[in-house]
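Numbering (our numbering), first residue to last: 33 to 514.
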């Protein structure tokens, strides 16, 4: 439920108003109104996640929050809230981001690190809005869209988000396939790696039976694997620390040509993913929070903010490692891609470094493909009120993603990089379909109560939204012209 004035949710407020209008008709009528919320435009409301109710693969309220009388910071509570932010951060570490990182370093050396840093900060602001929507209302973004929008725009939104998810899934399949190819010393071709990746995702789904916290620990292990692999490469290559700091804090790109400028724009498109906003708003519902208790909601917002900031800081460091390695080792080069990076590393640093690179890339692909599956299921359940078993959802998404990927891998393997560019264009087009709803809903007092965006926050986030969408549309036109 959503917090509103006097501790009641806006949905409850609407029900009370409807009851007042029919009170003369008898208590039975009022009771019927109270049972069926009238907040949305449709008679059939997508069910909200309820405590203990098995949803897709995660149970609402599955993780209990330790209660203590103290209102100060508690490490125990932070640990209980830790999980959703790290799962969300995986989208910042998917193969599309890794390729953007290596190209940024190879094309512009360290001079675009400030773009990466501020994109991560902008992403954090948007993710905090998504987390706040979920923790305040008890509904994730797709469910709120179900209640607020008529069927036609709602279904259109769902289609756009599904396209974004499938596009991201293609990048994850390609990244995992390239990693498998590297780790097998080219004995497993790219197309076979695509098939292996298409199957092994089902294995990950069965790990959910071990429990949500163990599933979150698995993703934490994958992030640690990525971080460890890329940190090792960072230490071996030993990039110039002074140049790294300069690239982070001096916002210009001296001497940059058109490819570097386009790469800067591409970083924005790679970092801020539309489906990730929907995902994060749903993941926070796994914590047991009384959404009608303002103190609990305020506390959950605080801990989600801390956890998300830590998670995205770690993701930024991992991305920085990749940028710095390729800046130090391969600048200037416009030929560094996911397909060629392994060979470049092998030729300059030997087979062991290539294997370490492959392990990091495989961890990136495998972790992000799972969170993409979750995002797709939450979107389908929220927008349409349809619940599929998880294996059906994976089968549908992965089958659609595999067709173009396999065709390109079999008949034009070197064109996989062009496929990645096309996907970046698609993702850029889809971004407004996540940005605009989250900015609008979190600014509505009837939905958010006292937790709505302040006037200053609205000004900042709308400026960010215009900037992000403008940069993304520039990327679209630049890629199309190329």
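Glycine is no exception: its CB is placed at the ideal position from the N, C-alpha and C atoms.
Can you give the beta carbon distance from residue i to residue j, rounded, assuming they're within the 8 Å contact cut?
i	j	result
residue 350	residue 258	6 Å
residue 298	residue 456	6 Å
residue 195	residue 492	Contact flag wrong, Cβ pair sits at about 29 Å.
residue 130	residue 207	7 Å
residue 314	residue 410	4 Å
residue 127	residue 203	5 Å
residue 428	residue 440	The Cβ separation is near 20 Å, so there is no contact.
residue 211	residue 393	4 Å
residue 415	residue 179	About 11 Å separates the two Cβ atoms, so there is no contact after all.
residue 201	residue 433	4 Å
residue 282	residue 423	Wrong, their Cβ atoms sit about 50 Å apart, outside the cutoff.
residue 408	residue 197	5 Å
Excluding the 5 residues flanking residue i on each side, which residues of the same chain have their C-beta closer than 6 Å to its C-beta?
i	result
residue 143	279 and 285
residue 155	303 and 304
residue 94	244 and 318
residue 402	236
residue 269	357, 360 and 361
residue 73	Caution is warranted here: a pLDDT of 33 is assigned to residue 73, below 50, making its placement in the model unreliable, and no coordinate value can be reported.
residue 79	Since pLDDT at residue 79 reaches only 40, below the 50 mark, its modelled position is unreliable, and no value is offered.
residue 503	297 and 300
residue 391	261
Quick check on this structure: which residue in the options has the alpha carbon closest to the alpha carbon of residue i?
i	options	result
residue 358	306, 110 and 276	276
residue 292	364, 109 and 481	364
residue 304	265, 382, 120 and 402	120
residue 316	140, 252, 163 and 128	163
residue 105	313, 419, 393 and 339	339
residue 327	125, 168, 108 and 270	168
residue 221	442, 382, 496 and 255	442
residue 124	287, 153, 112 and 141	153
residue 507	454, 150, 139 and 478	454
residue 111	451, 470, 270 and 332	332
residue 216	460, 389 and 502	389
residue 267	356, 408, 330 and 311	356
residue 255	307, 182, 346 and 229	346
residue 470	306, 421 and 362	306
residue 378	486, 499, 399 and 265	265
residue 413	140, 190, 183 and 122	190
residue 176	380, 478 and 420	478
residue 271	138, 400, 157 and 290	138
residue 397	407, 205 and 157	205
residue 405	426, 386 and 435	426
residue 400	108, 490 and 122	122
residue 370	503, 504, 213 and 146	213
residue 107	241, 334 and 274	334
residue 223	438, 230 and 274	438
residue 148	348, 227 and 341	348
residue 230	136, 435, 241 and 96	435
residue 96	322, 380, 132 and 513	322
residue 274	145, 476 and 486	145
Can you name, in chain order, every residue of its own chain whose Cβ lies under 7 Å from the Cβ of residue i, other than the five neighbours on each side?
i	result
residue 192	462 and 465
residue 76	Confidence at residue 76 is low in this model, with a pLDDT of 37, below 50, so its placement is unreliable and no value can be given for it.
residue 114	339
residue 250	239
residue 263	353
residue 59	With a pLDDT of only 38 at residue 59, under 50, the local geometry of the prediction cannot be trusted, and the value read off the model is given with reservation. Contacts found: none.
residue 134	354, 358, 368 and 373
residue 141	359 and 363
residue 288	140 and 143
residue 430	201, 230 and 233
Counting only the same chain and skipping the five closest in sequence on each side, list residues whose C-beta sits under 8 Å from that of residue i.
i	result
residue 510	294 and 297
residue 480	34, 35, 164, 165, 168, 169, 473 and 474
residue 336	113, 116, 117, 160, 163, 164, 167 and 316
residue 151	299, 300, 303 and 304
residue 173	162, 165, 166, 309, 310, 313, 314, 414, 466, 469, 470 and 473
residue 158	304, 309, 467, 470, 493 and 496
residue 460	301, 504, 505, 507 and 508
residue 385	265, 268, 377 and 378
Bridge partners of residue i, per DSSP?
i	result
residue 95	319
When you measure from the CB of residue i to every non-hydrogen atom of the ligand MN, does any distance come out below 7 Å?
i	result
residue 145	Because no ligand of any kind appears in the structure shown, any question about the ligand MN cannot be addressed here.
Does residue i have its Cβ less than 8 Å from a Cβ in chain B?
i	result
residue 201	Among the chains of the structure shown, chain B does not appear; only one protein chain is present.
Margin query: As an exercise, report each continuous beta strand (DSSP E) stretch of at least 3 residues that is fully enclosed by the stretch 178 to 206, in chain order.
Written below: none
Item checked: Completely contained alpha helix (DSSP H) runs for the stretch 228 to 276, where each covers 4 or more residues -> 244 to 269
Notebook entry, point to check: Which ranges does the alpha helix (DSSP H) cover as unbroken runs of at least 4 residues, wholly within the stretch 298 to 374, from first to last along the chain?
Noted result: 306 to 315 and 326 to 362
Note to self: Suppose only complete runs of 4+ residues qualify. What are the alpha helix (DSSP H) ranges in the stretch 401 to 450, listed by chain order?
What the structure shows: 422 to 443
Item checked: Every unbroken alpha helix (DSSP H) within the stretch 123 to 179, with a cutoff of 4 residues, ordered by chain -> 127 to 140 and 145 to 169
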